[in-house]
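First the structure, in the form of structure tokens, and then the observations on it.
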Amino acid sequence: DWGGPIGLRFAVANPDIVTRLVILNTGLFTGRGTMSEEWMKFRAWVKRTPDLPVDLLMSRSEAHPWGPEVLGAYAAPFPTVDHKAGIRRFPMMVPLDADDPGAAEMLATRDNLSAWTNPAYVLFSTGDPIFSIRTGERLAELIPGAGPLDTIDDAAHFLQEDQGEEVGRRIATWLQSLE
Numbered sequence: 150d151w152g153g154p155i156g157l158r159f160a161v162a163n164p165d166i167v168t169r170l171v172i173l174n175t176g177l178f179t180g181r182g183t184m185s186e187e188w189m190k191f192r193a194w195v196k197r198t199p200d201l202p203v204d205l206l207m208s209r210s211e212a213h214p215w216g217p218e219v220l221g222a223y224a225a226p227f228p229t230v231d232h233k234a235g236i237r238r239f240p241m242m243v244p245l246d247a248d249d250p251g252a253a254e255m256l257a258t259r260d261n262l263s264a265w266t267n268p269a270y271v272l273f274s275t276g277d278p279i280f281s282i283r284t285g286e287r288l289a290e291l292i293p294g295a296g297p298l299d300t301i302d303d304a305a306h307f308l309q310e311d312q313g314e315e316v317g318r319r320i321a322t323w324l325q326s327l328e
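Spelled out as structure tokens, the structure:
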């Protein structure tokens, strides 16, 4: 998700602060690959929908119904069209071409991740309609010491919502393995 492009860029610039990485269902958008058909449909929908229904958007990202309280919590920070400007802009900022703004920064992030020396763990869900398992494998292969990609079934894009307890257990097990 957005934590990848934002968080990973911060992490590689601040390895003294970010001493471990846990990466879930995300990607580095360098403009050098082909985005999935699902991503392109999502991007087009966001572009033509000024008043994004955040609860509907999130419900399309779940493997199991989260319930109105969870969907409402995701929608709460965005009560008006004006509040949704940022979430509408993010998909348009993803580089589709190597010359697009942000592509060079993501390429530098990828290069820096290939030299990462702190511990890293990569966990992807097998049911994500946006990011493929191959995307996760490439991230795990890129980062020295990350080990093979770990996968979790019965979860969609937001695996921490669909399989939160299992995600937490796996992260805790990984952290314990570092001791």
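The numbering of the sequence shown is our numbering, which starts it at 150 and goes up by one.
The beta carbon of each residue, even a glycine, is placed where N, CA and C say it ideally should be.
Item, Value
"Rounded C-alpha distance that separates Leu288 from Gly156", "14 Å"
"Buried versus exposed, by CB contacts within 10 Å (16 or more), Met189", "exposed"
"CB of Val219 within 8 Å of CB of Glu328, strictly", "no"
"Three-state class that DSSP yields for Leu170 in the structure shown", "strand"
"Beta-carbon proximity check, Ala212 vs Asp299, cutoff 8 Å", "no"
"Cα-Cα separation, Val195 to Ile172", "25 Å"
"Beta carbon of Ala143 nearer than 8 Å to that of Gly285", "Residue 143 cannot be examined here, being either before or after the span of the chain that is shown, 150 to 328."
"Three-pair Cβ contact test at 8 Å for the segment 233-240 versus the segment 257-268", "no"
"Beta-ladder partner(s) of Ser210, from DSSP", "The partner list for Ser210 (beta bridge, DSSP) is empty, contrary to what the question assumes."
"Among Glu290, Ala295, Leu272, Phe280, the one whose alpha carbon lies nearest that of Glu315", "Leu272"
"Residue from Ile292, Tyr270, Pro278 whose Cα sits closest to the Cα of Ser326", "Tyr270"
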